[in-house]
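K.L.:
There are 2 protein chains.
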Amino acid sequence: MLSYTEENYLKALLKITFDNRSEEVGTNELANVLVVKPATVNDMLKKLKEKELVEYKKYGKITLTANGRKNAIEVLRKHRLWETFLYEKFEFTWDEVHEVAEQLEHIQSGKLIDKLDKFLDYPQFDPHGDPIPNKKGEIKVNFKKTLSDVEVGNSCRMVAVKDNSSSFLQYVVKVGLGINNEIKVLSKQEYDALLVIEVNGVKSSVSQKFAENIFVVCQNCIIGKTCSKTKCEIEK
Amino acid sequence: MLSYTEENYLKALLKITFDNRSEEVGTNELANVLVVKPATVNDMLKKLKEKELVEYKKYGKITLTANGRKNAIEVLRKHRLWETFLYEKFEFTWDEVHEVAEQLEHIQSGKLIDKLDKFLDYPQFDPHGDPIPNKKGEIKVNFKKTLSDVEVGNSCRMVAVKDNSSSFLQYVVKVGLGINNEIKVLSKQEYDALLVIEVNGVKSSVSQKFAENIFVVCQNCIIGKTCSKTKCEIEK
DNA sequence: TAATAAAGTTAGGCTAATCTAACATAAAAA
DNA sequence: TTTTTATGTTAGATTAGCCTAACTTTATTA
Numbered sequence: 042m043l044s045y046t047e048e049n050y051l052k053a054l055l056k057i058t059f060d061n062r063s064e065e066v067g068t069n070e071l072a073n074v075l076v077v078k079p080a081t082v083n084d085m086l087k088k089l090k091e092k093e094l095v096e097y098k099k100y101g102k103i104t105l106t107a108n109g110r111k112n113a114i115e116v117l118r119k120h121r122l123w124e125t126f127l128y129e130k131f132e133f134t135w136d137e138v139h140e141v142a143e144q145l146e147h148i149q150s151g152k153l154i155d156k157l158d159k160f161l162d163y164p165q166f167d168p169h170g171d172p173i174p175n176k177k178g179e180i181k182v183n184f185k186k187t188l189s190d191v192e193v194g195n196s197c198r199m200v201a202v203k204d205n206s207s208s209f210l211q212y213v214v215k216v217g218l219g220i221n222n223e224i225k226v227l228s229k230q231e232y233d234a235l236l237v238i239e240v241n242g243v244k245s246s247v248s249q250k251f252a253e254n255i256f257v258v259c260q261n262c263i264i265g266k267t268c269s270k271t272k273c274e275i276e277k
Numbered sequence: 042m043l044s045y046t047e048e049n050y051l052k053a054l055l056k057i058t059f060d061n062r063s064e065e066v067g068t069n070e071l072a073n074v075l076v077v078k079p080a081t082v083n084d085m086l087k088k089l090k091e092k093e094l095v096e097y098k099k100y101g102k103i104t105l106t107a108n109g110r111k112n113a114i115e116v117l118r119k120h121r122l123w124e125t126f127l128y129e130k131f132e133f134t135w136d137e138v139h140e141v142a143e144q145l146e147h148i149q150s151g152k153l154i155d156k157l158d159k160f161l162d163y164p165q166f167d168p169h170g171d172p173i174p175n176k177k178g179e180i181k182v183n184f185k186k187t188l189s190d191v192e193v194g195n196s197c198r199m200v201a202v203k204d205n206s207s208s209f210l211q212y213v214v215k216v217g218l219g220i221n222n223e224i225k226v227l228s229k230q231e232y233d234a235l236l237v238i239e240v241n242g243v244k245s246s247v248s249q250k251f252a253e254n255i256f257v258v259c260q261n262c263i264i265g266k267t268c269s270k271t272k273c274e275i276e277k
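So, in structure tokens, the structure goes:
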């Protein structure tokens with residue numbers, strides 16, 4: 042049985058491997074995500090290594106073992122199912138679900154998760170557009186383009202967000218954006234990559250940083266053409 | 042903010058005051074309920090006293106302060122709402138709900154509990170027949186008779202159980218008992234108080250210990266007569 | 001390639017929650 | 001009322017998860 046804290050470490054490792062599109066994670070990076078000091082991570086790594094949940098060598102990179110990954114995916118599954126539950130059944134907003142799901146994801150009961158999954162009719166995506174792992178632990182990893190990758194003049198469809206913080210999500214709502222919205226990129230500032238976009242006929246300016254946190258599928262991919270930049274979706 | 046452990050101490054104190062029908066709790070008693078050593082309880086009492094959640098003096102009895110009681114009732118409310126949820130919405134059985142509710146009761150989210158309460162249509166009793174405190178913290182405390190108080194030849198109706206352990210509850214089911222069942226006491230052994238009861242036409246023998254854990258309303262109370270022993274229900 | 005910066009490690013400490021063993025007090029029984 | 005038993009307390013230790021400060025190794029850059 043894993044502790045609440047151990048589960049969070051594994052989940053953070055999994056999240057980083059998804060975000061970085063690499064299996065290798067550094068101590069500082071993990072410390073940042075967990076909002077603890079690198080020294081603390083170092084201590085915990087010894088324990089996780091002992092339990093054969095991660096592999097790492099002194100001054101080397103951290104990787105999840107098969108078992109570590111399995112556990113991490115289980116936590117992720119629970120997190121995303123609870124988010125979906127809160128959003129769909131309890132009228133929680135987009136930006137409220139994360140905080141409570143952070144607590145609920147640690148509840149230990151296989152039956153509870155099975156029933157939750159069934160109750161929600163086996164959802165495939167959570168309210169942020171992220172894929173929910175199935176009971177077998179299979180997860181569709183979509184390496185998606187972000188809004189900042191879309192060429193000027195082109196359109197795209199928003200499919201998910203990268204940043205799940207409530208401050209970011211509230212901003213997204215303010216700009217009039219939501220999942221499945223059509224976004225047209227009208228112009229891009231040379232100097233600071235400031236974008237002017239149009240959503241439902243309304244024009245807004247958004248920063249580079251903002252655009253990097255909006256996952257999209259671009260028009261080319263929608264109509265079946267080859268993408269010039271990052272491919273929109275890769276199944277894994 | 043209270044820790045998971047502090048919440049459990051307060052909840053246990055509340056439970057004991059209900060069970061004993063007295064506000065005064067001893068260190069050993071509390072240690073037994075929490076399955077920790079008396080020394081541990083002693084340490085924690087210092088902290089709870091510091092936080093003004095309990096009152097106690099060296100070698101004296103422990104009592105909850107108004108604030109301690111308020112917190113304890115909030116945890117109890119969450120516990121019983123979650124039990125009801127699991128039982129009614131997720132097809133958990135009587136004996137399965139407690140363990141998972143022990144975890145869920147610590148989730149911190151006022152909105153979640155409000156929505157849960159609404160979703161269940163503001164239930165008044167949990168699956169074990171225990172009253173659910175309302176949002177204001179009001180709780181109907183029913184000092185009930187147990188099956189062992191019922192006179193031979195009389196009938197009664199089961200309203201709740203005292204022991205919520207899954208082993209006890211499974212045994213209750215095995216005997217054919219459930220909430221609102223009519224029970225007739227056919228005979229009582231002088232020597233060991235072994236009872237022969239009849240439920241839905243089926244006769245069973247049950248021990249003294251078993252009978253003490255079944256709360257009932259007796260026939261006299263049902264038809265409005267005065268009870269010879271403990272009064273069946275007292276509102277508080 | 002040598003100096004500097006970034007990343008990672010170690011040692012020693014802290015707090016919360018637990019324990020055991022020894023001791024103190026209060027209650028019950030003889 | 002004295003002894004015994006039950007109950008409660010204290011001291012000292014342990015574990016998990018965290019910290020700071022000092023140090024080491026690896027990576028970057030001048």
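Chains A and Z supply the protein sequences, listed in that same order.
Each number in my numbering corresponds to the 1-based position in the first sequence with 41 added.
Each number in my numbering corresponds to the 1-based position in the second sequence with 41 added.
Glycine included, C-beta positions come from ideal geometry on N, C-alpha and C.
Everything numeric in this text was worked out from a predicted model, so none of it was measured.
(1) According to DSSP, which residues form a beta bridge with A/Ala201?
(2) Below 9 Å between beta carbons: does that hold for A/Ser19 and A/Val237?
(3) Determine, using beta carbons only, whether Z/Tyr128 and Z/Asp167 come nearer to each other than 9 Å.
(4) My output table needs one value for Z/Val243: the three-state DSSP class, helix, strand or coil.
(5) Quick one: is Z/Asn61 buried, meaning 16 or more other Cβ sit within 10 Å of its Cβ, or exposed?
(6) Just grab the DSSP bridge partners of A/Glu96 for me.
(7) Can a CB atom of chain A be found closer than 9 Å to the CB of Z/Lys215?
(8) According to DSSP, is A/Ile173 helix, strand or coil?
(9) Please look up how many angstroms separate the CB atoms of A/Val240 and A/Asn222, rounded, as I've assumed it's under 8 Å.
(10) With DSSP collapsed to three states, give me the class of Z/Ser228.
(11) Should A/Ala53 go down as buried or exposed, given a rule of 16 or more other Cβ atoms within 10 Å for buried?
(12) Verify whether the separation of the beta carbon atoms of Z/Trp135 and Z/Val200 is less than 9 Å.
(13) Determine the extent of the alpha helix (DSSP H) in which A/Pro164 is found, giving its start and end residues.
(14) Going by the beta-carbon positions, is the gap between A/Ala234 and A/Thr187 smaller than 9 Å?
(15) Which one or two residues does DSSP pair with Z/Lys119 in a beta bridge?
(16) Whose Cβ in chain A lies nearer than 7 Å to the Cβ of Z/Glu132?
(17) Output, in sequence order along the chain, the residues in the region 196–215 of chain A whose CB is closer than 7 Å to any CB in chain Z.
(18) Determine, using beta carbons only, whether A/Ser150 comes closer than 9 Å to chain Z.
(19) Apply the 10 Å Cβ neighbour rule to Z/Asn49 and answer buried if 16 or more other Cβ atoms are within range, or exposed otherwise.
(20) Relative to the alpha-carbon of A/Lys99, which residue among A/Asp158, A/Lys87, A/His139, A/Lys176 has its alpha-carbon at the smallest distance?
(21) Do A/Thr106 and A/Glu124 come within 9 Å of each other at the CB atom, strictly closer than that value?
(22) Which residues in chain Z sit within 9 Å of A/Leu43, going by Cβ to Cβ distance?
(23) What do you get for Z/Ser246, buried or exposed, if any count of 16 or more other CB atoms within 10 angstroms of its CB means buried?
(24) Excluding the 5 residues flanking A/Leu89 on each side, which residues of the same chain have their C-beta closer than 8 Å to its C-beta?
(25) Which word fits A/Asn69, buried or exposed, when buried means at least 16 other C-beta atoms lie within 10 angstroms of its C-beta?
P.N.:
Reading from the atomic positions:
(1) What you label residue 201 of chain A is simply residue 160 of the first sequence in a count that begins at 1. For A/Ala201, which the question treats as bridged, DSSP gives the partners A/Phe256.
(2) Chain A is shown only over 42 to 277; residue 19 of chain A falls outside these bounds and no answer can be derived.
(3) Working through the second sequence from its first residue, we reach residue 128 of chain Z at position 87. Working through the second sequence from its first residue, we reach residue 167 of chain Z at position 126. Against a cut-off of 9 Å, the Cβ pair of Z/Asp167 and Z/Tyr128 comes out as a contact.
(4) The sequence position of residue 243 of chain Z within the second sequence is 202, counting from 1. Strand, per DSSP.
(5) Your numbering for residue 61 of chain Z matches position 20 in the second sequence. So Z/Asn61 counts as exposed.
(6) Translated into the one-based positions of the first sequence, residue 96 of chain A becomes position 55. DSSP, once it has assigned bridges, lists A/Thr104 as partnering A/Glu96.
(7) Sequence index remark: in the second sequence, residue 215 of chain Z carries index 174 (1-based). Z/Lys215 does not count as touching chain A.
(8) Position 132 of the first sequence, counting from 1, holds the residue named residue 173 of chain A. In this structure, A/Ile173 counts as coil in the three-state DSSP scheme.
(9) Position 199 of the first sequence, counted from the first residue, corresponds to residue 240 of chain A. Position 181 of the first sequence, counted from the first residue, corresponds to residue 222 of chain A. Right, the Cβ-Cβ distance comes to about 5 Å (below 8 Å), so this counts as a contact.
(10) If you number the second sequence from 1, residue 228 of chain Z lands on position 187. Here DSSP, grouped into helix, strand and coil, assigns Z/Ser228 to strand.
(11) Working through the first sequence from its first residue, we reach residue 53 of chain A at position 12. Burial call: buried.
(12) Numbered from 1 along the second sequence, position 94 holds the residue referred to as residue 135 of chain Z. Numbered from 1 along the second sequence, position 159 holds the residue referred to as residue 200 of chain Z. Cβ distance not < 9 Å, so Z/Trp135 and Z/Val200 don't count as in contact.
(13) As a position in the first sequence, residue 164 of chain A is number 123, starting the count at 1. Boundaries cannot be given for A/Pro164, as no alpha helix (DSSP H) includes it and DSSP labels it neither H nor E.
(14) The sequence position of residue 234 of chain A within the first sequence is 193, counting from 1. The sequence position of residue 187 of chain A within the first sequence is 146, counting from 1. No, these two residues do not count as a Cβ contact at 9 Å.
(15) In the second sequence, counting from the first residue as 1, residue 119 of chain Z sits at position 78. DSSP lists no partner for Z/Lys119.
(16) What you label residue 132 of chain Z is simply residue 91 of the second sequence in a count that begins at 1. Per Cβ cutoff of 7 Å: Lys156.
(17) So nothing in the stretch comes that close.
(18) Taking the first sequence and counting its residues from 1, one reaches residue 150 of chain A at position 109. By this cut-off, A/Ser150 is an interface position.
(19) For this step, residue 49 of chain Z is matched to residue 8 along the second sequence. In summary, Z/Asn49 is buried, with 16 or more beta-carbon neighbours lying within 10 Å of its beta-carbon over all protein chains present.
(20) Here the question's residue 99 of chain A lines up with position 58 in the first sequence. Comparing alpha-carbon positions, the option among A/Asp158, A/Lys87, A/His139, A/Lys176 lying closest to A/Lys99 turns out to be A/Lys87.
(21) Start at 1 with the first residue of the first sequence, and residue 124 of chain A comes out as number 83. Start at 1 with the first residue of the first sequence, and residue 106 of chain A comes out as number 65. Using a Cβ distance threshold of 9 Å, A/Glu124 and A/Thr106 do not count as a contacting pair.
(22) Residue 43 of chain A sits at position 2 when you count from the first residue of the first sequence. For A/Leu43, no chain Z residue has a Cβ inside 9 Å of its Cβ, as the nearest lies near 14 Å away.
(23) Here residue 246 of chain Z refers to the residue found at position 205 when the second sequence is read from its first residue. Counting Cβ neighbours within 10 Å, Z/Ser246 comes out exposed, since fewer than 16 surround it.
(24) Within the first sequence, numbered from 1, the residue matching residue 89 of chain A stands at position 48. Here the set comprises Glu47, Tyr50, Leu51, Val95, Gly109.
(25) Reading the first sequence from its first residue, position 28 is the one you call residue 69 of chain A. So A/Asn69 ends up on the exposed side.
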